[in-house]
Amino acid sequence: MEKWLCEVCGYVYDPAVGAEEVPPGTPFEDLPDDWVCPECYAEKDRFSLEALNRDKGVKRK
Ligand SMILES: [Zn+2]
């Protein structure tokens, strides 16, 4: 399962860990639409999969 990065505060949602009131093993896609970042209360659409991969140093030409 993929981790998702909050572009507002840098919080990373890790599906293996879950979050407050979210049981471990919950994919980001399965979070309720009104779920917000536990750190900064940003909405789900502020989270980015691509940004996290970019930060991990995925090779670019
Ligand atoms: Zn956040």
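Residues in the sequence shown are numbered consecutively from 989, following our numbering. All C-beta atoms, glycine included, are put in the ideal place defined by N, C-alpha and C.
- Per DSSP, reduced to three states, the secondary structure at residue 1031 is strand.
- Each residue's CA atom was taken as its position, placing residue 1014 and residue 1027 some 18 Å apart.
- Rounded to whole angstroms, the separation of the alpha carbons of residue 1011 and residue 1035 is 19 Å.
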